[in-house]
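In my numbering, the protein residues as written are 69 to 412.
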Ligand SMILES: [Zn+2]
Ligand SMILES: [Zn+2]
């Protein structure tokens, strides 16, 4: 296990020129605002009763495709290589993930690997804990880590963070064709709505519910992983950061909200380390493993988990003792942390 350097090397982060930064901001803002407006329109349709059961099923089915594609495909398969699969199923996962509209795979993977390396320290692209002290700092940090970080004028270097994908022509194909899959993810529910109900209105509401509103709400849940799940929740493991296990976020993001577990064991295909922790993507992967659709599923053994859990308990006890000692001395309470895991 290596200890991460706290200063990002120059090659890790690319500062964009003003024109590129403007383009990045425009695209990011559009991908947040347009689905947001679509959600308002879908809510209006609900209020007015202009919808059918097909629209609700389309929303649920496309939410599943979107979230499974991001969490299983982009995150656990591509960013962390926590299992292997066939070329066909790899394509299914990466196309489904691209439909999420969270950016093409090179941007997603490089940002995510950088997040793991610098988690909650300088260099982390979306930490809620770097915006200063007090409630104001916390709220500002939460907001920044939820959405505005996507408007920053820097990118994570492709060659530094993801040379493995950059030189893989097969994987890079999914990067180059990203826009096509985003469009397909919006067109598909419109087409299904029209095929089932046979009206132009059904095509429009299918587009709103299964396309735009699904994209907006699933991404709001996903962005809570970077914001809420690095601030609020349980911390059984001492990762040297503020990653936390947040159950409500984990339920809506198929297990991703279990950030403390995930930062402790980033290469594991499961984010749950206890059977009852909500990790739908982990459960799906276990089932897919039994069906031999995926294989070589990586996970830590029970002894490793127990050792890390004991270390977490010791660190918490040490922190409490230090805080008490500091209070007794009427000095500022300082909690020392050591980063123990940063690998992807
Ligand atoms: Zn994290
Ligand atoms: Zn991760």
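Every residue gets a Cβ at the ideal spot worked out from N, C-alpha and C, and that includes glycine.
Assigned secondary structure, residue 363 (DSSP; H/G/I helix, E/B strand, else coil): Looking up residue 363 in the chain shown gives position 295. The answer is strand: DSSP assigns residue 363 an E or B state.
CA nearest to the CA of residue 270, picked from 127, 258, 279, 336: Here the question's residue 270 lines up with position 202 in the chain shown. When C-alpha distances from residue 270 are compared across 127, 258, 279, 336, the shortest belongs to 258.
Terminal residues of the beta strand (DSSP E) in which residue 260 lies: For this step, residue 260 is matched to residue 192 along the chain shown. For residue 260, no beta strand (DSSP E) segment is defined; the enclosing uninterrupted segment is the alpha helix (DSSP H) at 246–265.
The region 278–296 touching the region 96–113, judged by at least three CB pairs closer than 8 Å: Yes, they touch.
Contact set for residue 404: own chain, Cβ-Cβ below 6 Å, skip 5 residues either direction: Looking up residue 404 in the chain shown gives position 336. At residue 404 the pLDDT is 32, less than 50, meaning the model places this residue with poor confidence; the figure from the coordinates comes in the next sentence. Cβ within range, chain order: n/a, list empty.
Near ligand 2: residue 19 beta-carbon under 7 Å from a heavy atom: With the chain represented from 69 up to 412, any question about residue 19 goes unanswered, as that position is not in the structure.
Residue 397 to residue 384 span [Cα, whole Å]: Indexing the chain shown from 1 puts residue 397 at position 329. Indexing the chain shown from 1 puts residue 384 at position 316. Note that residue 397 scores a pLDDT of 49, beneath 50, so its modelled location is shaky; the value from the coordinates is reported in the next line. Whole-angstrom Cα-Cα distance: 20 Å.
Option in 80, 214, 174 with minimal Cα separation from residue 284: As a working mapping, residue 284 is identified with position 216 in the chain shown. Here the closest residue by C-alpha is 214.
Distance cut-off 7 Å: residue 327 Cβ against heavy atoms of ligand 1: Within the chain shown, numbered from 1, the residue matching residue 327 stands at position 259. Residue 327 Cβ: within cutoff of ligand 1.
Anticipated Cβ contact below 8 Å, residue 221 with residue 89, distance rounded: In the chain shown, residue 221 corresponds to position 153, counting from 1. In the chain shown, residue 89 corresponds to position 21, counting from 1. Residue 89 and residue 221 do touch by the CB rule: their CB atoms are close to 4 Å apart, below 8 Å.
Residue 336 and residue 368 closer than 8 Å at C-beta: Here residue 336 refers to the residue found at position 268 of the chain shown. Here residue 368 refers to the residue found at position 300 of the chain shown. Contact flag set, yes.
Completely contained beta strand (DSSP E) runs for the region 207–238, where each covers 3 or more residues: Look at the region 207–238 and you find these whole runs of beta strand (DSSP E), each 3 residues long or longer: 222–224.
Start-to-end residues for the alpha helix (DSSP H) that takes in residue 83: As a working mapping, residue 83 is identified with position 15 in the chain shown. Residue range 81–83 is occupied by the beta strand (DSSP E) that includes residue 83, with no alpha helix (DSSP H) assigned at that position.
Alpha-carbon to alpha-carbon, residue 131 and residue 252: Looking up residue 252 in the chain shown gives position 184. Looking up residue 131 in the chain shown gives position 63. Answer to the nearest angstrom: the Cα atoms are 14 Å apart.
Closest by C-alpha distance to residue 338, when choosing among 140, 200, 114: Reading the chain shown from its first residue, position 270 is the one you call residue 338. Nearest of 140, 200, 114 to residue 338, Cα basis: 140.
CB-CB length for residue 173 against residue 146, believed under 8 Å: As a first step, residue 173 is located in the chain shown; it is residue number 105 there, counting from the start. As a first step, residue 146 is located in the chain shown; it is residue number 78 there, counting from the start. Right, the Cβ-Cβ distance comes to about 6 Å (below 8 Å), so this counts as a contact.
Rounded distance between the beta-carbons of residue 167 and residue 249, thought under 8 Å: As a first step, residue 249 is located in the chain shown; it is residue number 181 there, counting from the start. As a first step, residue 167 is located in the chain shown; it is residue number 99 there, counting from the start. At roughly 5 Å, the Cβ-Cβ gap stays under 8 Å, so residue 249 and residue 167 are in contact.
The region 315–331 touching the region 198–209, judged by at least three CB pairs closer than 8 Å: Short answer: they don't touch.
Residue 148: CB within 7 Å of a non-hydrogen atom of ligand 1: Reading the chain shown from its first residue, position 80 is the one you call residue 148. Relative to ligand 1, the beta carbon of residue 148 is positioned no closer than 7 Å to any heavy atom.
Nonlocal neighbours in the same chain, by C-beta distance under 7 Å from residue 78, ignoring five residues either side: Locating residue 78 in the chain shown gives position 10, where the first residue counts as 1. Take residue 78, set aside five residues on each side of it, and no residue of its chain has a beta-carbon closer than 7 Å to its own.
Residue 346 versus residue 85 - alpha carbon distance: Position 278 of the chain shown holds residue 346. Position 17 of the chain shown holds residue 85. The alpha-carbon atoms of residue 346 and residue 85 are separated by roughly 42 Å.
Residue 294 (DSSP reduced to helix, strand or coil): As a first step, residue 294 must be located in the chain shown, where it is residue number 226. Helix, per DSSP.
Proximity below 8 Å, CB of residue 234 to CB of residue 241: Counting from 1 along the chain shown, the entry for residue 234 is found at position 166. Counting from 1 along the chain shown, the entry for residue 241 is found at position 173. It is not a contact, given that the beta carbons lie outside the stated cut-off.
Distance CB(residue 122)-CB(residue 266) smaller than 8 Å: Translated into the one-based positions of the chain shown, residue 122 becomes position 54. Translated into the one-based positions of the chain shown, residue 266 becomes position 198. Going by beta carbons, residue 122 and residue 266 fall outside the 8 Å limit.
Residues of its chain near residue 330, where Cβ-Cβ distance is below 8 Å and the 5 sequence neighbours each way are ignored: As a first step, residue 330 is located in the chain shown; it is residue number 262 there, counting from the start. Cβ neighbours of residue 330 beyond the five flanking positions: 311, 324, 336, 339.
Closer than 7 Å: residue 214 CB and nearest ligand 2 heavy atom: To locate residue 214, count along the chain shown from 1; it is residue 146. Remark: the C-beta of residue 214 is outside contact range of ligand 2, defined as less than 7 Å to any heavy atom.
Min CB distance residue 253 to chain B below 8 Å: Absent from the structure is chain B; it holds one protein chain and no more.
Nearest-angstrom beta carbon gap, residue 307 and residue 332 [assumed within contact, 8 Å]: The residue labelled residue 332 in the question sits at position 264 within the chain shown. The residue labelled residue 307 in the question sits at position 239 within the chain shown. Residue 332 to residue 307, Cβ: 6 Å. Contact.
Every unbroken alpha helix (DSSP H) within the region 168–202, with a cutoff of 4 residues, ordered by chain: With a minimum length of 4 residues, the continuous alpha helix (DSSP H) runs that stay inside the region 168–202 are 173–186.
Buried or exposed by the 16-neighbour rule on C-beta atoms within 10 Å, applied to residue 152: Mapped onto the chain shown, residue 152 falls at position 84. Under a 10 Å Cβ-count criterion, residue 152 is classified as exposed, with fewer than 16 other Cβ atoms of the shown protein chains found around its own Cβ.
Contact check, residue 287 vs residue 169, beta carbons under 8 Å: As a working mapping, residue 287 is identified with position 219 in the chain shown. As a working mapping, residue 169 is identified with position 101 in the chain shown. In contact: residue 287 and residue 169 (Cβ atoms closer than 8 Å).
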